[in-house]
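Respectively, the protein sequence lines represent chains X and H.
Per my numbering, residue 1 is the first one in the first sequence, and the count goes up by one each step.
Per my numbering, residue 1 is the first one in the second sequence, and the count goes up by one each step.
Glycine included, every Cβ here is placed at the ideal spot set by N, Cα and C.
Below is one structure, written out as structure tokens; the observations come after it.
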Amino acid sequence: EDKVVQSPLSLVVHEGDTVTLNCSYEVTNFRSLLWYKQEKKAPTFLFMLTSSGIEKKSGRLSSILDKKELFSILNITATQTGDSAIYLCAAWSAGNKLVFGAGTILRVKS
Amino acid sequence: DGGITQSPKYLFRKEGQNVTLSCEQNLNHDAMYWYRQDPGQGLRLIYYSQIVNDFQKGDIAEGYSVSREKKESFPLTVTSAQKNPTAFYLCASSERQNTEAFFGQGTRLTVV
Chain X
1 EDKVVQSPLS LVVHEGDTVT LNCSYEVTNF RSLLWYKQEK KAPTFLFMLT SSGIEKKSGR
61 LSSILDKKEL FSILNITATQ TGDSAIYLCA AWSAGNKLVF GAGTILRVKS
Chain H
1 DGGITQSPKY LFRKEGQNVT LSCEQNLNHD AMYWYRQDPG QGLRLIYYSQ IVNDFQKGDI
61 AEGYSVSREK KESFPLTVTS AQKNPTAFYL CASSERQNTE AFFGQGTRLT VV
């Protein structure tokens, strides 16, 4: 059975802190891993990772994939209250199936 | 503007009634998906479709049904067999595998 596991499930930090969100996966014929941010309703796309060891970066957010260990992390530096959201990890599996994890609820306090 | 439209945003139904959630996309994407979101459980896959007139069950298909008669439309019916239908439902589409999936704004279904 395809499985994507995220940790921690929730996290509270202060503005300016750095956070690391974790995602492990076990899916059939893994192709790529996606990160999304969900603030209210529709998740918005952050990164897609297909190759091991290559960091994707966008402003204060960065992510990396380890295909040997079946693991990805999402880092957010100098957090702001606007970073408060649910962060979702998803993996493309065989048969064009996109499997999501349970998400990490991040709350950034001012 | 291209995108995915889900309607309605909020839906209330009495227990035992079937209800259909609409999902339309004008992105010309082949693949479409339905997810259910409950607090603390992320997105769980209900059904997905890779091409017109074809669809597959996801992880929690029991009590749901879909159709894919047109490329741009993928409606979801929540039947009376679904034991706990109150949830937030998200529709998504993608051009193909290994690309970004785009989401609609969701439908919040409450069964009373």
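For H/I4, the closest alpha carbon among the candidates H/T110, H/Q105, H/L109 and H/V112 is that of H/Q105. The distance from the Cβ of X/T50 to that of X/S32 is about 4 Å, consistent with a contact at the 8 Å cut-off.
Note that the region 79-93 of chain X touches the region 38-55 of chain X; at least 3 beta-carbon pairs, one per stretch, sit closer than 8 Å.
Boundaries of the beta strand (DSSP E) around X/E26: V19 to E26. When only Cα atoms are considered, H/P75 and H/S67 end up about 6 Å apart. Residue-level contact by beta carbon fails for H/N53 and chain X, as no gap is shorter than 8 Å.
In summary, the residues of the region 21-55 of chain H whose CB is separated from some CB of chain X by less than 8 Å are A31, Y33, Y35, G40, Q41, G42, L43, R44, L45, Y48 and Q50, in the order they occur in the chain.
Using beta-carbon distances, X/S32 counts as an interface residue toward chain H, with a partner under 8 Å. Beta-bridge pairing by DSSP links X/D66 to X/F71. In the structure shown, the three-state DSSP call for H/D54 is strand. At least one CB of chain X lies nearer than 8 Å to the CB of H/N98. In the DSSP assignment, H/S7 is bridged to H/S22.
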